[in-house]
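Novice: Numbering (our numbering), first residue to last: 11 to 417. Have a look at this one.
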């Protein structure tokens, strides 16, 4: 009993020490307010150049340096900043956790939702000529590599195996470059910074920040919906969620700049966004549920398409003659989400008129379990060790989105 008690006290020692240190920290003192009485001057010890008891502390003007010293920089007040504006801007960034999820994203982007991916895209991976040799076996080996082999620990962290699995699947799809030369005219970009601004109703919105891996291409993706289908979206009525405001959970700022930038230079040889890959690995302070993750996919796919449209056609609202298509794939290492976005119009202020289009395929499991040790309950093996429940149709959809535009 004494050894167990000692071990417990030893484990709780750091926690007790942290609590003690927190209690020892005194509260911050409130600054004293100096009251200036007209006609009365304080008698200070400023002329004597040393402290004198009973005399007031002198106040000297702030010394302004003639050079830039970052360690002694004092930021101006928000109202005095050159980019300060009276009208607030609502920002959607990579940590935004939208309450209404997909419904909120559809209203913000003025889009019509279609469940499931287009048939012309899904049919790409069904053709045997577009499949990988020993496809299912190689995909399962990629899963085992991410979950079991690529680690010296007993169990890799989600942050590590998510990225390892995604890069392995992209590498597998890229092996088809031998038979499809169009796959060689692409490149992966990481840590690029996006900015897209638009007006919706009476408010100003902006999507900006770094987000995931972006697969860029020399040529744009083909259009998913024809002109007749695009014109028919004008009859669609956008769903509202009154009394909840569409700006809920978005960051409201008054110091901003209305930017529209794809994150790449104008002469970049791969200017067209193809597929955006997002990871929900639990390595950020904000963990998104699947509904909020799909909203993030829609918003950043829309942001990439809108920034490209503003680069090509300017910021004047219009219905695009050639719609812009951007895809998005998100995963937590086990479940995959697929989104395809077609930007038909940049006239987003009013609810009337042509709408943009979104196709969503949600909650697609790549496998059921990947266990290092078996799960045993009541002496019965419930889940065996290793990989179990592999679902090949999920990777076929991943392959279809990757081949889109090259086949």
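From the three backbone atoms N, C-alpha and C, an ideal C-beta is built for every residue, glycine too. Here the structure is a predicted model, which is why all the values come from computation and not from measurement.
Which residues in the same chain as residue 185 place their Cβ atom closer than 7 Å to its Cβ, once the five residues preceding and following it in sequence are excluded?
Specialist: Working through the chain shown from its first residue, we reach residue 185 at position 175. Hits under 7 Å: 142.
Novice: Which residue comes first and which comes last in the alpha helix (DSSP H) that contains residue 396?
Specialist: On the chain shown, residue 396 is found 386 positions in, with the first residue counted as 1. First-last for residue 396: 396-398, but that is the beta strand (DSSP E), not the alpha helix (DSSP H).
Novice: If we call anything under 8 Å between Cβ atoms a contact, is residue 367 one with residue 121?
Specialist: The sequence position of residue 367 within the chain shown is 357, counting from 1. The sequence position of residue 121 within the chain shown is 111, counting from 1. Going by C-beta atoms, residue 367 is nearer than 8 Å to residue 121.
Novice: So if DSSP puts residue 391 in a beta bridge, which residue, or which two residues, is it bridged to?
Specialist: On the chain shown, position 381 is the one that residue 391 refers to. Answer by DSSP bridge pairing, in chain order: 386.
Novice: Is it true that the region 223-231 meets the region 282-299, where meeting means three or more beta-carbon pairs spaced less than 8 Å apart?
Specialist: yes
Novice: Does residue 371 pass the burial test, meaning 16 or more other C-beta atoms within 10 Å, or should it be called exposed?
Specialist: In the chain shown, counting from the first residue as 1, residue 371 sits at position 361. So residue 371 counts as buried.
Novice: Quick check on this structure: which residue in 97, 400 and 307 has the alpha carbon closest to the alpha carbon of residue 212?
Specialist: Along the chain shown, one-based indexing puts residue 212 at 202. Comparing Cα positions, the closest option is 97.
Novice: Distance check for residue 153 and residue 399, CA to CA, integer angstroms please.
Specialist: As a working mapping, residue 399 is identified with position 389 in the chain shown. As a working mapping, residue 153 is identified with position 143 in the chain shown. If I take the Cα positions, the gap works out to 12 Å.
Novice: State the CB to CB distance for the pair residue 100 and residue 221, rounded to an integer number of angstroms; the pair is presumed to be in contact (CB under 8 Å).
Specialist: Within the chain shown, numbered from 1, the residue matching residue 100 stands at position 90. Within the chain shown, numbered from 1, the residue matching residue 221 stands at position 211. That pair is no contact at about 17 Å.
Novice: Does the contact criterion of 3 or more C-beta pairs under 8 Å hold for the region 204-218 versus the region 301-317?
Specialist: yes
Novice: Pull up the DSSP beta-bridge partners for residue 338, would you.
Specialist: To locate residue 338, count along the chain shown from 1; it is residue 328. Residue 338 pairs with 286 and 349.
Novice: Going straight from the alpha carbon of residue 133 to that of residue 413, what length do you get?
Specialist: In the chain shown, the residue the question calls residue 133 occupies position 123. In the chain shown, the residue the question calls residue 413 occupies position 403. About 11 Å.
Novice: Assuming residue 213 is part of the beta strand (DSSP E), what are its boundary residues?
Specialist: Residue numbering aside, residue 213 sits at position 203 when the chain shown is read from its first letter. Its beta strand (DSSP E) spans residues 213-220.
Novice: Which term fits residue 162, buried or exposed, when burial requires 16 or more other beta carbons within 10 angstroms of its beta carbon?
Specialist: Within the chain shown, residue 162 is the residue found at index 152, counting from 1. By the neighbour-count rule (16 or more Cβ atoms within 10 Å), residue 162 is not buried but exposed.
Novice: CB-CB under 6 Å to residue 230, same chain, minus the five flanking residues each way: which ones, in chain order?
Specialist: Taking the chain shown and counting its residues from 1, the one referred to as residue 230 is at position 220. Contacts found: 282.
Novice: How would you write the range of the alpha helix (DSSP H) that residue 136 sits in, first residue to last?
Specialist: In the chain shown, residue 136 corresponds to position 126, counting from 1. Unbroken alpha helix (DSSP H) run through residue 136: 129-136.
Novice: Considering only the alpha carbon of each residue, which of 158, 321, 264 and 172 lies closest to residue 277?
Specialist: On the chain shown, position 267 is the one that residue 277 refers to. Residue 321 is the option with its Cα nearest to residue 277.
Novice: Taking the straight line between their C-alpha atoms, what separation do you get for residue 32 and residue 294?
Specialist: If you number the chain shown from 1, residue 32 lands on position 22. If you number the chain shown from 1, residue 294 lands on position 284. Confidence in residue 32 is poor, its pLDDT being 46 and thus under 50, which makes the residue's placement unreliable; the coordinate value appears in the next sentence. Approximately 26 Å, taken between the alpha carbons.
Novice: Are residue 198 and residue 273 touching if we call contact CB-CB under 8 Å?
Specialist: As a working note, residue 198 is residue 188 in the chain shown. As a working note, residue 273 is residue 263 in the chain shown. Not closer than 8 Å, so no.
Novice: List the residues that DSSP assigns as beta-bridge partners of residue 261.
Specialist: As a working note, residue 261 is residue 251 in the chain shown. Note: residue 261 sits in a beta bridge opposite 101.
Novice: Per the contact definition of three or more C-beta pairs closer than 8 Å, is the region 68-82 in contact with the region 329-339?
Specialist: no
Novice: Using the three-state DSSP reduction, which class does residue 74 fall into: helix, strand or coil?
Specialist: Reading the chain shown from its first residue, position 64 is the one you call residue 74. The answer is coil: DSSP assigns residue 74 none of H, G, I, E or B.
Novice: Beta-carbon separation of residue 8 and residue 382 under 8 Å?
Specialist: This structure cannot settle anything about residue 8, because the visible part of the chain is limited to 11 through 417.
Novice: Which whole-angstrom value is the C-beta distance of residue 289 and residue 176, which I expect to be below 8 Å?
Specialist: Stepping through the chain shown from its first residue, residue 289 is reached at position 279. Stepping through the chain shown from its first residue, residue 176 is reached at position 166. With 8 Å as the limit, residue 289 and residue 176 qualify as a contact, their Cβ atoms being about 7 Å apart.
Novice: Please list, in chain order, all residues of the same chain as residue 105 whose beta carbon is under 6 Å from its beta carbon, the five residues on each side excluded.
Specialist: One-based indexing of the chain shown puts residue 105 at position 95. Around residue 105: 296.
Novice: How big is the Cα-Cα spacing for residue 151 and residue 376?
Specialist: The residue you call residue 151 lines up with position 141 of the chain shown. The residue you call residue 376 lines up with position 366 of the chain shown. For residue 151 and residue 376, the distance between alpha carbons rounds to 13 Å.
Novice: DSSP three-state call for residue 80: helix, strand or coil?
Specialist: The residue you call residue 80 lines up with position 70 of the chain shown. DSSP places residue 80 in helix when its eight states are reduced to three.
Novice: Compare the C-alpha of residue 348 against each of 389, 386 and 301 and name the closest.
Specialist: As a working mapping, residue 348 is identified with position 338 in the chain shown. Of the candidates 389, 386 and 301, the one whose C-alpha sits nearest the C-alpha of residue 348 is 301.
Novice: Nearest to residue 326 by CA position, among 299, 355 and 346, is which residue?
Specialist: For the purposes of this step, residue 326 is taken as the residue at position 316 of the chain shown. For the residues 299, 355 and 346, the minimum Cα distance to residue 326 belongs to 355.
Novice: Taking the CB atoms as reference points, tell me whether residue 102 and residue 247 lie closer together than 8 Å.
Specialist: Here residue 102 corresponds to residue number 92 of the chain shown, with the count starting at 1. Here residue 247 corresponds to residue number 237 of the chain shown, with the count starting at 1. Going by C-beta atoms, residue 102 is not nearer than 8 Å to residue 247.
Novice: What separation, rounded to the nearest whole angstrom, lies between the Cα atoms of residue 164 and residue 343?
Specialist: One-based indexing of the chain shown puts residue 164 at position 154. One-based indexing of the chain shown puts residue 343 at position 333. Looking at the two C-alpha atoms, the distance is approximately 17 Å.
Novice: Considering only the beta carbon of each residue, do residue 418 and residue 404 sit closer than 8 Å?
Specialist: Absent from the model: residue 418. The displayed extent of the chain is 11 to 417, so no value can be given.
Novice: Helix, strand or coil, according to DSSP, for residue 379 in the structure here?
Specialist: In the chain shown, counting from the first residue as 1, residue 379 sits at position 369. In this structure, residue 379 counts as strand in the three-state DSSP scheme.
Novice: Apart from the five residues just before and just after residue 192, which ones in its own chain have a Cβ nearer than 6 Å to its Cβ?
Specialist: Here residue 192 is taken as the residue at index 182 of the chain shown, counted from 1. Contacts found: 416.
Novice: Below 6 Å CB to CB, which residues in the same chain sit around residue 323 once its five sequence neighbours on both sides are set aside?
Specialist: As a position in the chain shown, residue 323 is number 313, starting the count at 1. Once the five neighbours on either side are set aside, residue 323 has no close Cβ partner at all.
Novice: Just checking my contact of residue 411 with residue 337 at CB under 8 Å: how many whole Å lie between their CB atoms?
Specialist: Sequence index remark: in the chain shown, residue 411 carries index 401 (1-based). Sequence index remark: in the chain shown, residue 337 carries index 327 (1-based). Going by Cβ atoms, the distance from residue 411 to residue 337 rounds to 5 Å, so yes, they are a contact pair.
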